[in-house]
Amino acid sequence: MPPILSRDFYLHPPDVVAGQLLGKLLVRRYKTGQGSSTKAIRLAGRIVEVEAYFGLDDPAAHTFVGKTARNAVLFGPPGFAYVYFIYGMHFCLNISCEPEGQAGSLLLRALEPVEGLETMAQLRGLPSDAAPRLLTSGPGRLCQALDIRRETHNGIDVTSARSGLHVEDDGFVSGQIEVTPRVGISKAAERPLRFSLAGNRFVSR
DNA sequence: GGAGCGATGTCCT
DNA sequence: GGACATCGCTCCG
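Every number in my numbering is 6 more than the matching position in the first sequence, counting from 1.
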């Protein structure tokens with residue numbers, strides 16, 4: 007089994023960790039089937055697009071207003087999942103970074119699906135032969151494809167194998183990294199904090 | 001393949 | 001009450 011990224015990996019500023027996270031595998035353990043025929047499978051995708059959010063200094067970040075009930079996870083230690091509900095129907099997944107007390111985070115925006123594509127399609131409400139691009143290209147899509155919800159995943163430790171959600175380094179070597187402005191925000195929209203694998207088809211639009 | 005737009009719940013002011 | 005780190009559909013080229 008490839009090594010799970012440790013807490014130290016996430017200890018650094020978000021613009022640093024974002025680039026290092028590209029090319030790693032996001033892995034979700036998932037139970038499929040029913041009754042006695044249930045079995046555990048892996049839903050996995052390679053991280054191809056990440057946005058960096060700073061804490062109190064970043065007007066676009068959820069943490070800009072200070073610590074609240076919703077964003078409390080981000081003020082905790084690095085390597086924990088922050089899952090929030092947006093636009094009345096979607097979830098987005100972040101991972102906390104920086105030392106406890108500093109609220110940097112990484113927004114996972116797109117994966118290249120690697121394991122469990124049929125189950126991902128099912129979870130997305132698509133036919134099993136759906137185009138892979140439709141599965142995990144976009145922050146809301148990847149949460150739906152991996153069945154990541156606030157109730158089940160907000161606040162879990164992604165550095166522990168027992169969480170059922172973690173990030174692995176399988177030795178993949180990233181090519182060129184592209185850095186562009188972040189997507190879908192109105193404040194600090196010009197800052198180049200969106201990191202993606204150059205030329206990868208699974209990067210969101 | 002791109003612009004426009006509606007759906008929809010939660011959070012914070 | 002308004003804004004929102006989105007998505008999928010329609011309509012148009």
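Here a beta-carbon is modelled for each residue, glycine too, at the ideal position from N, C-alpha and C.
For this session: Identify which residue in ILE162, THR165, ALA127 has its Cα closest to the Cα of ARG147.
Result: Working through the first sequence from its first residue, we reach residue 147 at position 141. Ranking ILE162, THR165, ALA127 by CA distance to the CA of ARG147 puts ALA127 first.
For this session: Let me know the secondary structure DSSP gives SER180 once reduced to three states.
Result: As a position in the first sequence, residue 180 is number 174, starting the count at 1. Coil, per DSSP.
For this session: Over the uninterrupted alpha helix (DSSP H) stretch that includes CYS149, give me the two end residues.
Result: For the purposes of this step, residue 149 is taken as residue 143 along the first sequence, with counting starting at 1. Where CYS149 is concerned, the enclosing alpha helix (DSSP H) stretches over 145-151.
Problem set entry | Among GLU57, PRO119, ALA87, ILE47, the one whose alpha carbon lies nearest that of ARG13 | Sequence index remark: in the first sequence, residue 13 carries index 7 (1-based). When only C-alpha atoms are compared, the closest one is ALA87.
Problem set entry | Buried versus exposed call for GLU157 [16 or more other C-beta atoms within 10 Å across all chains shown] | Along the first sequence, one-based indexing puts residue 157 at 151. By the 16-neighbour rule on beta-carbons within 10 angstroms, GLU157 is exposed.
Exercise. Any idea what DSSP makes of SER192, helix, strand or coil?
Worked result: By 1-based counting over the first sequence, the position of residue 192 is 186. Secondary structure at SER192: coil, using DSSP grouped into helix, strand and coil.
Problem set entry | CA nearest to the CA of SER192, picked from LYS30, ALA46, ALA67 | Indexing the first sequence from 1 puts residue 192 at position 186. The option with the nearest alpha carbon to SER192 is ALA67.
Problem set entry | Buried versus exposed call for SER166 [16 or more other C-beta atoms within 10 Å across all chains shown] | As a working mapping, residue 166 is identified with position 160 in the first sequence. Classification of SER166: exposed, given that the 10 Å Cβ count is below 16.
For this session: Starting from PRO105, follow the alpha helix (DSSP H) in both directions and report where the run begins and ends.
Result: As a working mapping, residue 105 is identified with position 99 in the first sequence. Boundaries cannot be given for PRO105, as no alpha helix (DSSP H) includes it and DSSP labels it neither H nor E.
Problem set entry | contact_flag[the stretch 167-185, the stretch 74-82] where n(CB pairs < 8 Å) is 3 or more | The answer is no - the stretch 74-82 does not touch the stretch 167-185, with fewer than three Cβ pairs under 8 Å.
For this session: Check whether the stretch 99-109 touches the stretch 120-135, counting contact only when three or more Cβ pairs, one atom from each stretch, lie closer than 8 Å.
Result: Verdict: no, contact absent.
Problem set entry | Span of the alpha helix (DSSP H), counted from its first residue to its last, around LEU27 | In the first sequence, counting from the first residue as 1, residue 27 sits at position 21. First-last of the alpha helix (DSSP H) with LEU27: 20-27.
Problem set entry | Exposure of PRO145, with buried meaning 16 or more beta-carbon neighbours within 10 Å | As a first step, residue 145 is located in the first sequence; it is residue number 139 there, counting from the start. Counting Cβ neighbours within 10 Å, PRO145 comes out buried, since at least 16 surround it.
Exercise. Going by the beta-carbon positions, is the gap between SER210 and GLU57 smaller than 8 Å?
Worked result: Taking the first sequence and counting its residues from 1, the one referred to as residue 210 is at position 204. Taking the first sequence and counting its residues from 1, the one referred to as residue 57 is at position 51. In this structure, the beta-carbon distance from SER210 to GLU57 does not fall below 8 Å.
For this session: Locate the beta strand (DSSP E) running through THR38, then write down its first and last residues.
Result: Counting from one through the first sequence, the residue named residue 38 turns up at place 32. For THR38, the uninterrupted beta strand (DSSP E) segment begins and ends at 31-38.
For this session: Below 7 Å CB to CB, which residues in the same chain sit around PRO198 once its five sequence neighbours on both sides are set aside?
Result: If you number the first sequence from 1, residue 198 lands on position 192. The answer, listed in chain order, is VAL185, THR186, PRO187.
For this session: Drop a sphere of 10 angstroms on the beta-carbon of THR44, count the other beta-carbons inside from all chains shown, and report buried for 16 or more, exposed for fewer.
Result: On the first sequence, position 38 is the one that residue 44 refers to. Counting of Cβ neighbours within 10 angstroms places THR44 among the exposed residues, the total staying below 16.
Exercise. What does PHE171 pair with, by DSSP beta-bridge criteria?
Worked result: Position 165 of the first sequence, counting from 1, holds the residue named residue 171. According to the sequence shown, residue 171 is Leu rather than Phe. Per DSSP, the beta bridge partners of LEU171 are ARG34.
For this session: Compare the Cα-Cα distances from LYS73 to each of GLN108, ILE92, CYS98, GLY190 and report the closest residue.
Result: What you label residue 73 is simply residue 67 of the first sequence in a count that begins at 1. Closest by alpha carbon: GLN108.
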